[in-house]
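Visitor:
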Amino acid sequence: MESSEVDVFDDDLKKLVNDMAETMYDAPGIGLAAPQVNINKKIIVVDIGSDEETQRVGQLYTLINPKIVESSGFIKYEEGCLSIPGVREFVERPSNVKVEAQDETGKQIKVEAEGLLAVCLQHEIDHINGTLFIDHLSGLKKKLANKKLIKMFGTSKG
Ligand SMILES: [Zn+2]
-11 MESSEVDVFD
-1 DDLKKLVNDM
9 AETMYDAPGI
19 GLAAPQVNIN
29 KKIIVVDIGS
39 DEETQRVGQL
49 YTLINPKIVE
59 SSGFIKYEEG
69 CLSIPGVREF
79 VERPSNVKVE
89 AQDETGKQIK
99 VEAEGLLAVC
109 LQHEIDHING
119 TLFIDHLSGL
129 KKKLANKKLI
139 KMFGTSKG
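Take -11 as the starting number for the sequence shown in my numbering and just add one per residue.
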């Protein structure tokens, strides 16, 4: 199920994105989409954290109504999901994406991402479009992942 667009940028929205970020960091996870906390709105938070090796510094992205407007390249990355505990699978996706969104004040923003950040943004944007990472798997792997989900939740859509 696709989530609905956010059109009111008020204090409630700011509180919600703060709560979502807190939930993500507590998990700990590197991304969270509003449908994962039972809020059917197009809101995601992402922070892939710091990495000493590549000298990457963590940054929190709060994206309202995010849309992928360009994608290119290819990456295969082992993904997991806070909504599907215990399942990790390699997923193939574009390695570079351009995302248009709004911030929590309603201002238009653009994010260009590659590698892990691009993977994470696509994974979270999938959530608000009603897609799980296991939907990208093919054949037997998808069947097995769905079986695990049915075992856990009684349904394949968590
Ligand atoms: Zn997820």
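Idealized CB from N, CA, C, for every residue including glycine.
Is any heavy atom in ligand 1 found nearer than 6 Å to the beta carbon of Cys108?
Guide: As a first step, residue 108 is located in the sequence shown; it is residue number 120 there, counting from the start. Checking every heavy atom of ligand 1 against the Cβ of Cys108, none is found closer than 6 Å.
Visitor: Under a three-way DSSP split, which group does Asp123 fall into?
Guide: If you number the sequence shown from 1, residue 123 lands on position 135. Of the three classes helix, strand and coil, the one that applies to Asp123 here is helix, per DSSP.
Visitor: What did DSSP end up calling Gln43 once you bin it into helix, strand or coil?
Guide: Residue mapping note: residue 43 aligns to position 55 of the sequence shown, counting from 1. Coil.
Visitor: Alpha carbon to alpha carbon, what distance is there between Gln47 and Thr93?
Guide: The sequence position of residue 93 within the sequence shown is 105, counting from 1. The sequence position of residue 47 within the sequence shown is 59, counting from 1. The alpha-carbon atoms of Thr93 and Gln47 are separated by roughly 18 Å.
Visitor: Less than 8 Å between C-beta atoms, sequence neighbours within five positions excluded: which residues of the same chain meet that for Gly146?
Guide: For this step, residue 146 is matched to residue 158 along the sequence shown. Because Gly146 sits at a pLDDT of 45, beneath the cut-off of 50, its placement in the model cannot be relied upon, and the following sentence gives the value as read from the coordinates. The answer, listed in chain order, is Ser71, Ile72, Leu120, Leu137 and Met140.
Visitor: By DSSP, does Asn134 sit in helix, in strand, or in coil?
Guide: In the sequence shown, counting from the first residue as 1, residue 134 sits at position 146. Three-state DSSP puts Asn134 in a helix.
Visitor: In angstroms with no decimal places, state the Cα-to-Cα distance between Val85 and Gly142.
Guide: To locate residue 85, count along the sequence shown from 1; it is residue 97. To locate residue 142, count along the sequence shown from 1; it is residue 154. The alpha-carbon atoms of Val85 and Gly142 are separated by roughly 34 Å.
Visitor: Assign Gly146 to one of three DSSP states: helix, strand, or coil.
Guide: Locating residue 146 in the sequence shown gives position 158, where the first residue counts as 1. Caution is warranted here: a pLDDT of 45 is assigned to Gly146, below 50, making its placement in the model unreliable, and the coordinate value is therefore given only provisionally. Coil, per DSSP.
Visitor: Spatial neighbours of Gly68 within its chain, please: C-beta separation below 6 Å, excluding the five flanking residues on both sides.
Guide: Looking up residue 68 in the sequence shown gives position 80. Counting only Cβ-Cβ distances below 6 Å, and skipping sequence neighbours, we find Arg76.
Visitor: On the criterion of 16 or more Cβ atoms from any shown chain inside 10 Å, does Gly118 qualify as buried, or is it exposed?
Guide: Position 130 of the sequence shown holds residue 118. So Gly118 counts as exposed.
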